[in-house]
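Reading through the structure tokens given below for one structure.
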Amino acid sequence: LTADRIGEFATPLFGLFGGPSSPRPEGHAGLPFLRYHGEVGEDSDAVVEFCCPVDSTDIEAVRDRFPEMTRRDEEAGREIFVSIPKASMMTELGFEALHRWLVEHDEETDWKPRQIFLVDPATVEASEPVYELAVRLGGR
Numbered sequence: 023l024t025a026d027r028i029g030e031f032a033t034p035l036f037g038l039f040g041g042p043s044s045p046r047p048e049g050h051a052g053l054p055f056l057r058y059h060g061e062v063g064e065d066s067d068a069v070v071e072f073c074c075p076v077d078s079t080d081i082e083a084v085r086d087r088f089p090e091m092t093r094r095d096e097e098a099g100r101e102i103f104v105s106i107p108k109a110s111m112m113t114e115l116g117f118e119a120l121h122r123w124l125v126e127h128d129e130e131t132d133w134k135p136r137q138i139f140l141v142d143p144a145t146v147e148a149s150e151p152v153y154e155l156a157v158r159l160g161g162r
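Be aware that the sequence shown starts at 23, since it is given in the working numbering, and climbs by one per residue.
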């Protein structure tokens, strides 16, 4: 997937899984997100995974409803994240801030960034956060 196709890929999925019809944990823990398995840019492509947290009690119901989806269990872990305002969505500032923090704190990561959308970018002002960019600590 290249950068110019992210919206085409993700928008329908966020619409389907972001609403009340999909069972998810409440609050921030239940927000769907994108996980990048490589660098995505105008000239480079990589695997991008759409992820939607589900309560363990709802896994079978979700599997029955969406049999084509892959189920993956992940243990809780430590992460760092940075909030990205609408005005900075198309820049590398978030990645640079995460990298700088990792170096300054001598931490390792698997560097599979997660992009957790908080709101629809069309609904907020330029200074308001649109998504969080996060990485898991520990270098798994």
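Even glycine gets a Cβ: it sits at the ideal position worked out from N, Cα and C.
Proximity winner among Glu154, Arg57 and Leu159, relative to Ala32 (alpha-carbon distances): Arg57
Close-in-space but distant-in-sequence residues of the same chain around Trp133 (CB under 7 Å, 5 per side omitted): If we look at Trp133 and ignore the five residues flanking it on each side, its Cβ neighbours are Val157.
Check whether Arg46 and Pro34 have beta carbons under 9 Å apart: The Cβ atoms of Arg46 and Pro34 do not sit closer than 9 Å to each other.
Start-to-end residues for the beta strand (DSSP E) that takes in Phe31: Not the beta strand (DSSP E): Phe31 falls in the alpha helix (DSSP H), residues Ile28 to Phe39.
Where Ala136 falls, given that 16 or more other Cβ within 10 Å makes a residue buried: Before going further, note that residue 136 is Arg rather than Ala in the sequence given. By the C-beta density criterion, Arg136 is buried, having at least 16 other C-beta atoms within 10 angstroms.
Nearest candidate by alpha-carbon position, reference Pro75, set His59, Arg94 and Ala68: Ranking His59, Arg94 and Ala68 by Cα distance to Pro75 puts Arg94 first.
Every unbroken alpha helix (DSSP H) within the stretch 64-131, with a cutoff of 4 residues, ordered by chain: 81-87 and 115-126
Three-state secondary structure (DSSP) of Pro143: helix
Collapsed DSSP secondary structure at Ala156 in the structure displayed: strand
Gly99 versus Leu159 - alpha carbon distance: 7 Å
DSSP beta-bridge partners of Arg57: Glu71 and Arg136, per the DSSP bridge assignment.
Nearest-angstrom Cα separation, counted from Arg27 out to Ala68: 11 Å
Nearest neighbour of Phe163, chosen from Ile102, Val70 and Arg87 [CA to CA]: The structure shown does not extend to residue 163, since the chain is modelled only from 23 to 162, so the question has no answer here.
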